[in-house]
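Student: Here the sequence shown is numbered in this note's numbering, starting from 402 and rising by one per residue. For each residue, glycine too, the CB sits at the ideal point set by N, CA and C.
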Amino acid sequence: MDRPDLDSLGSVRTDWTLEEARAIFGLPFNDLLHHAQRVHRLTFDPNRIQVSTLLSIKTGGCPEDCAYCPQSVRYETTVGRDDLLDLDEVKAAAQTARRNGATRFCMGAAYRNPKPKQLERIKDMVREVRSMGLETCATLGMLTPGQARELKDAGLDYYNHNLDTSEAFYGEIITTRTYQDRLETLEAVREAGIAVCCGGILGMGESELDRVQLLHTLATMPRHPESVPINQLVQVEGTPLHGRPPLDPLDLVRTIATARLLMPRSYLRLSAGRTDMDDAVQALCFLAGANSIFYGEKLLTTPNPGRSHDEALFARLGLRREGDAPEPVG
Ligand code: SAM
Ligand code: DTB
Ligand code: SF4
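1) What do you reckon, is the C-beta of residue 673 under 7 angstroms from a heavy atom of ligand 3?
2) Curious, which full-length beta strand (DSSP E) runs of at least 3 residues does the stretch 538-579 contain?
3) At the level of alpha carbons, what is the spacing between residue 495 and residue 517?
4) Are the stretch 668-679 and the stretch 422-434 in contact at 8 angstroms, needing three or more beta carbon pairs?
5) Would you kindly work out how many angstroms separate the C-alpha atoms of residue 446 and residue 710, rounded to a whole number?
6) Is residue 456 near ligand 1, going by C-beta to nearest heavy atom under 7 angstroms?
7) So, for residue 456: in the same chain, excluding its five sequence neighbours on each side, which residues have a beta-carbon less than 6 angstroms away from its beta-carbon?
8) Tell me the DSSP secondary structure of residue 669 in three-state form.
9) At a threshold of 7 angstroms, does residue 540 count as lining ligand 1 (C-beta to nearest heavy atom)?
10) Can you list, in chain order, the stretches of the beta strand (DSSP E) that have 3 or more residues and sit fully within the stretch 609-641?
11) Using a Cβ cut-off of 8 angstroms (strictly closer), state whether residue 652 contacts chain B.
12) Have a look at residue 754 and residue 452 and give me their C-alpha separation to the nearest angstrom.
13) Comparing the CB of residue 602 with every heavy atom of ligand 1, is any distance shorter than 7 angstroms?
14) Of all the options 586, 659, 678 and 470, which has the alpha carbon lying nearest to the alpha carbon of residue 620?
15) Quick check: is any heavy atom of ligand 4 less than 7 angstroms from the C-beta of residue 636?
16) What's the gap between the Cα of residue 475 and the Cα of residue 641?
17) Can you have a look at residue 468 and say buried or exposed, based on whether 16 or more other CB atoms are within 10 angstroms of its CB?
18) Looking at residue 562 and ligand 1, is the gap between the Cβ and the nearest heavy atom below 7 angstroms?
19) Can you check DSSP and say which residues form a bridge with residue 509?
20) Distance, Cα to Cα, residue 582 vs residue 543?
21) Going by C-alpha distance, which of 606, 551, 504 and 724 is nearest residue 519?
22) State yes or no: is the C-beta of residue 596 nearer than 7 angstroms to some heavy atom of ligand 3?
23) If you draw a straight line from the alpha carbon of residue 460 to that of residue 573, how long is it in whole angstroms?
24) Would residue 605 be called buried (16 or more neighbouring beta carbons within 10 Å of its own) or exposed?
25) Report, in whole angstroms, the separation of the C-beta atoms of residue 515 and residue 535, which I expect to be a contact under 8 angstroms.
26) Pick helix, strand or coil for residue 596, following the three-state DSSP scheme.
27) What is the residue span of the alpha helix (DSSP H) that residue 430 lies within?
28) Beta carbon of residue 632: closer than 7 angstroms to some heavy atom of ligand 1?
29) Quick one: grab the DSSP three-state call for residue 645.
30) Hey, quick one: how far does the beta strand (DSSP E) through residue 603 stretch, first residue to last?
Listed below in structure tokens is the structure:
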């Protein structure tokens, strides 16, 4: 197996071989964490966490068949079907998010792809949120190159579009759009000059190799995504993936550490699934290089640890939010 020179880890490379990625993933846990934390410190303040807030601007009724998702029309879940929110509702939610210390506001819609009229309204939301001094992010499904340019012109900073898993496992999870469709949307986003937020989900029944392949695909893109969300599957009753065996928390930590080494300058977001993780596991994820979370009581449709819980955790770990003033000295 190609074994990378561990002391040279830390430079940005897009030519990783799959064997190198596997070798990193398979390191003894303590070596892996040591190098991940060492490399993390080359770029980032290890005690700072970026905080984003999510809002579902269009919930439920999605025609796609993503087997993890409670918003698909194909599965019977408790998620209803709402219309696209009004601009005022989005504005109010963004104001609350900003007051609570978020620096980025991410708007999610249960679309396969946005229609022209929907995109017009979403562009107004982007302009409004940006004028409030927040970074903007959206996740709306597939985009054409023209739609990506329109969003960029409206002031969109980030677009979230996940590969979710390896190309090999993908067909077990989604049949209504292909891996290639996803890569094309990501290319359109990159070409438009919007920062890319792209990651995946762990705990869907994928193998260790699938996890390494997902990271390898991300780390061999012509440019690494600026932001990489690592979600733990939130098991929702009524979805096909409900009842999957739970993810081993150490596998989550190992995946984050590998992502940190393969993509040294990307933000790694410990995304969905934190309500099922205890604080010690989250602390290990931060040690492995995770440096962003979603803040607030809710993700899109499922719960997230409350603000007071996260503030207490940050205090216990001596972590500070990006954008907050540094600790006074003396
Ligand atoms: N509909 C758009 C799309 O799929 O591209 C945007 C919203 S979709 C809910 C955004 C991402 O949320 C998905 O790609 C998936 O990675 C993540 N997600 C959805 N349901 C999840 C679940 N139950 N557990 C973990 N992550 C989930
Ligand atoms: C991402 O990777 N995770 C977020 C965000 N991007 C849009 C979504 C998580 C959704 C979890 C299930 C739900 O709340 O519906
Ligand atoms: Fe629709 Fe997105 Fe859910 Fe898939 S993940 S069913 S595309 S909302």
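Tutor: Considering the structure as presented:
1) no
2) 559-561
3) 24 angstroms
4) no
5) 22 angstroms
6) no
7) 494 and 508
8) strand
9) yes
10) 628-633
11) Going by chain labels, chain B is absent from the structure shown, which holds only one protein chain.
12) Residue 754 is absent from the structure shown; the chain starts at 402 and stops at 731.
13) yes
14) 659
15) This structure does not include ligand 4; its bound ligands are ligand 1, ligand 2 and ligand 3.
16) 10 angstroms
17) buried
18) yes
19) 457 and 540
20) 8 angstroms
21) 551
22) no
23) 24 angstroms
24) buried
25) Wrong, their Cβ atoms sit about 21 angstroms apart, outside the cutoff.
26) strand
27) 430-444
28) yes
29) coil
30) 601-603
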